[in-house]
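In this note's numbering, the protein residues as written are 1 to 198. Even for Gly, the Cβ is constructed at its ideal location relative to N, Cα and C. Down below is the structure, laid out as structure tokens.
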Amino acid sequence: MTTAPQPATLRERKKQRTRRVLAETAVTLFTERGFDETPLDVLLDEVEVSRRTFFRNFRSKEDVALTALKQLWSAYLDVLDETPKSGRLVDVLRDAMLATVERMDGDWYRRFAPTLRLVARSAALEGHSLRHCAEMQTRIADRLGTADSLELRLLIEFAVAAWRCALDEWLPDCDPRELPACVRRAFASMDAGLHLEA
1 MTTAPQPATL
11 RERKKQRTRR
21 VLAETAVTLF
31 TERGFDETPL
41 DVLLDEVEVS
51 RRTFFRNFRS
61 KEDVALTALK
71 QLWSAYLDVL
81 DETPKSGRLV
91 DVLRDAMLAT
101 VERMDGDWYR
111 RFAPTLRLVA
121 RSAALEGHSL
131 RHCAEMQTRI
141 ADRLGTADSL
151 ELRLLIEFAV
161 AAWRCALDEW
171 LPDCDPRELP
181 ACVRRAFASM
191 DAGLHLEA
């Protein structure tokens, strides 16, 4: 696992630190008290930042709660940009996800599992997460460099479904070392799943 390079300026480092503290505290507070039951002001008081500072860093309470999830998909798009697009696209999508989870550091893993649990318990967060996922699927399609088609959209849907199934397998223990194996199993099972018979 790798860590992101440090920003060059003090101002950028302070902004990154504020974002990190807000995201970490949000996950902790929302896990303890419930997302819907915790007003934004409670988070702001806990971190001792103003609304203005918060909204310079995040668009909404949902946005800060889903920081780990959004970091994952942002990193995924970066990996996809760096990846040669040759061979079977399903393999390209799988390998990009494997490279992405390899890039995530220990702090991210500590926030990611609680974030997934928060999403499962909050209709507001689930809706926000689904909208973000739909946006990411569109951006993934744009990066694949192939004509938009029903087949491409289905492939991306299947890849996202495989990722979600991998997370379902991973969530009970949440061992970072196990996530790549869960991803491989889910993608490997995709074809067999399409050929199941009643």
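- Here C133 carries a helix assignment [DSSP, helix/strand/coil].
- In the structure shown, the three-state DSSP call for F58 is coil.
- When the alpha-carbon of D91 is set against those of L194, E12, R52, I156, the nearest one is in I156.
- Residue range 150 to 170 is occupied by the alpha helix (DSSP H) that includes R164.
- Distance from the CA atom of G34 to the CA atom of R13, rounded to whole angstroms, is 30 Å.
- Residue R19 holds the alpha-carbon nearest to the alpha-carbon of R59 among P180, R19, L167.
- Every unbroken stretch of the alpha helix (DSSP H) spanning 4 or more residues and falling wholly within the region 14 to 86 is given here in chain order: 40 to 47, 51 to 57, 61 to 65, 67 to 82.
- Distance from the CA atom of P39 to the CA atom of R88, rounded to whole angstroms, is 46 Å.
- Around the C-beta of S129, 16 or more other C-beta atoms lie within 10 Å, and the residue is accordingly described as buried.
- Between the C-alpha atoms of D175 and L69 there is a straight-line separation of about 17 Å.
- Here T9 is exposed, its C-beta having fewer than 16 other C-beta atoms within 10 Å.
- When the Cα atoms are used, L144 and D45 turn out to be separated by approximately 44 Å.
- Boundaries of the alpha helix (DSSP H) harbouring C182: 179 to 194, taken from the DSSP string.
- Non-local beta-carbon contacts of P84 in its own chain, meaning distances under 7 Å to residues more than five positions away in sequence, are absent.
- Excluding the 5 residues flanking it on each side, A186 has same chain C-beta neighbours closer than 6 Å at A162, C165, A166, in chain order.
- A residue is called buried once 16 or more other Cβ atoms fall within 10 Å of its Cβ, and S189, having fewer, is exposed.
- For T115, the enclosing alpha helix (DSSP H) stretches over residues 106 to 121.
- Ranked by Cα distance from L179, the options L98, F30, D41 are led by L98.
- With a 10 Å radius around the Cβ and a threshold of 16 neighbouring Cβ atoms, E135 comes out exposed.
- In summary, L150 is exposed, with fewer than 16 beta-carbon neighbours lying within 10 Å of its beta-carbon over all protein chains present.
- The Cβ atoms of M104 and L72 sit closer than 8 Å to each other.
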